[in-house]
Amino acid sequence: MEERLSDDDVNVLMSSIRTGTPLAEARRQEFVVNTKALLANARSYNETCHHLADLCLEEVEKFDPAVRDDWKDGVVEEIQWWWTWINTLRRQGKLASWAHLRDRPFPFEDAVTQFPAGIALRCLNIGCGPRPDMGQQSAADIEFVHMDPLAPAYNKLMRFLNAPGGGDVVFGAVEFLGQMDLEPFDFIAAKNCLDHAYDVPRGLEQMISCLGKRGMISLGHYENEAEAQNYMGFHKWNIEVRDGRIRVWSKNASEVFDHESAGFRLEVVREDRRKASGQTHPFLDLTLIRGW
Numbered sequence: 022m023e024e025r026l027s028d029d030d031v032n033v034l035m036s037s038i039r040t041g042t043p044l045a046e047a048r049r050q051e052f053v054v055n056t057k058a059l060l061a062n063a064r065s066y067n068e069t070c071h072h073l074a075d076l077c078l079e080e081v082e083k084f085d086p087a088v089r090d091d092w093k094d095g096v097v098e099e100i101q102w103w104w105t106w107i108n109t110l111r112r113q114g115k116l117a118s119w120a121h122l123r124d125r126p127f128p129f130e131d132a133v134t135q136f137p138a139g140i141a142l143r144c145l146n147i148g149c150g151p152r153p154d155m156g157q158q159s160a161a162d163i164e165f166v167h168m169d170p171l172a173p174a175y176n177k178l179m180r181f182l183n184a185p186g187g188g189d190v191v192f193g194a195v196e197f198l199g200q201m202d203l204e205p206f207d208f209i210a211a212k213n214c215l216d217h218a219y220d221v222p223r224g225l226e227q228m229i230s231c232l233g234k235r236g237m238i239s240l241g242h243y244e245n246e247a248e249a250q251n252y253m254g255f256h257k258w259n260i261e262v263r264d265g266r267i268r269v270w271s272k273n274a275s276e277v278f279d280h281e282s283a284g285f286r287l288e289v290v291r292e293d294r295r296k297a298s299g300q301t302h303p304f305l306d307l308t309l310i311r312g313w
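The sequence shown begins at 22 in my numbering and counts up one residue at a time.
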């Protein structure tokens, strides 16, 4: 028989999540904080997920009031997914590794040599989720900006769950980067996120507008993931390479990016990767390079 929370316990737990205030460790152990077993049928859990989603959507709508309803539904699902995944890793004793994800080498270190020695560089890690996993160890002086449209929810969730490696993600989305008064970036990374955007063609344009005259954009995504996921949740767009160009398409739209006209060269690596579900699916590592 599943353990259940009392109404008083649910109220204490949800208040902690809404404010982003961690519970005392003893109290946390009392609750066990098991999303599926304890909270799956709790009305307060559902209400809190929607509350956290609303925090994000209020920020998005300041820049773009026309956010599609189906993307809004995906926000709640994404919050629920991360909540469950964090708790799963905690029970498996694997969550502590998140504290060291940024201690790894900078993934584009080889490209650092393309810039004059000694200058400060900037890297945007867009759509990074609640815990950025980009290595930051570099011989260069690099300013990292970890950004996600769900940052208002993720930061609260990470603090409440006392999960390492996050809590400092800034708000922003690919669709309106140009409206955010950002200084140009030398590196932009979008890992498993561009196909979660509500307007992928616009998002790609905005990333390009925020890149310096010399720089690179790294896109890493499963090929045509919306088709594979039956257009559920955030999966509304597909990404593929056709005739040497990036093609993004959905049920109602299709656009091919002419990278050469925009001054880029495109490097493509396509390989089968195993998902968390155990299934293998083609994964695309796409690198757009300009200026060298």
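Glycine residues also receive a C-beta, built at the ideal position from the N, C-alpha and C atoms.
For clarity, every value in this text was computed on a predicted model and none was experimentally measured.
| Asked | Found |
| --- | --- |
| Out of 179, 250 and 145, which has the shortest C-alpha to C-alpha gap to residue 300? | 250 |
| Give me the Cβ distance between residue 306 and residue 259, rounded to the nearest whole Å; I'm assuming they're in contact under 8 Å. | At roughly 16 Å, the Cβ-Cβ gap does not stay under 8 Å, so residue 306 and residue 259 are not in contact. |
| Under 8 Å between the Cβ atoms of residue 211 and residue 148? | yes |
| Pick helix, strand or coil for residue 297, following the three-state DSSP scheme. | coil |
| Looking at the secondary structure, which residues open and close the alpha helix (DSSP H) in which residue 319 lies? | No statement about residue 319 is possible, as the shown extent of the chain runs from 22 to 313 and does not include it. |
| Determine, using beta carbons only, whether residue 311 and residue 284 come nearer to each other than 8 Å. | yes |
| So within the region 82-127, which uninterrupted alpha helix (DSSP H) runs reach at least 4 residues, ignoring any that extend past its ends? | 90-112 |
| Using CA coordinates, which residue listed in 113, 207, 122 and 123 is at the minimum distance from residue 141? | 207 |
| Is DSSP giving residue 157 helix, strand or coil here? | coil |
| Between the Cα of residue 191 and those of 203, 242, 169 and 182, spot the shortest distance and give me the residue it belongs to. | 169 |
| In angstroms with no decimal places, state the Cα-to-Cα distance between residue 160 and residue 236. | 17 Å |
| If contacts are defined as beta-carbon pairs under 8 Å, then residue 240 and residue 184 qualify, I think. What distance do you get, rounded to the angstrom? | With 8 Å as the limit, residue 240 and residue 184 do not qualify as a contact, their Cβ atoms being about 27 Å apart. |
| Work out the CA separation of residue 178 and residue 24 for me, nearest whole Å. | Because the pLDDT of residue 24 is 47, which lies under 50, any placement of that residue in the model is unreliable, and the number read from its coordinates should be weighed accordingly. Going by the C-alpha atoms only, they are around 22 Å apart. |
| Taking Cβ to Cβ, would you say residue 195 is nearer than 8 Å to residue 218? | yes |
| What does a CB cutoff of less than 7 Å around residue 95 pick up in its chain, not counting 5 residues either side in sequence? | 254 and 255 |
| Tell me which same chain residues have a C-beta within less than 6 Å of the C-beta of residue 231, skipping the five on either side of it? | 198, 203 and 206 |
| Taking its Cβ as the centre, do 16 or more other Cβ atoms sit within 10 Å of residue 176, making it buried, or is it exposed? | buried |
| In terms of DSSP beta bridges, what is residue 270 paired with? | 259 and 275 |
| From this set, 91, 133, 103 and 158, which residue's C-alpha is nearest residue 124's C-alpha? | 158 |
| Give me the Cα-Cα distance between residue 33 and residue 121, rounded to the nearest whole angstrom. | 31 Å |
| Would you tell me roughly how many angstroms separate the C-alpha atoms of residue 84 and residue 200, rounded to the nearest one? | 8 Å |
| Is there a Cβ of chain B sitting closer than 8 Å to that of residue 289, yes or no? | The structure shown contains no chain B; it is built from a single protein chain. |
| So what does DSSP say about residue 243, is it helix, strand or coil? | strand |
| Rounded to the nearest angstrom, how far is the Cβ of residue 150 from that of residue 119, given a contact under 8 Å? | Residue 150 to residue 119, Cβ: 11 Å. No contact. |
| What residues match up with residue 236 in a beta bridge as DSSP calls it? | 311 |
| Going by other Cβ atoms of all chains shown within 10 Å of its Cβ, with 16 needed for buried, is residue 272 buried or exposed? | exposed |
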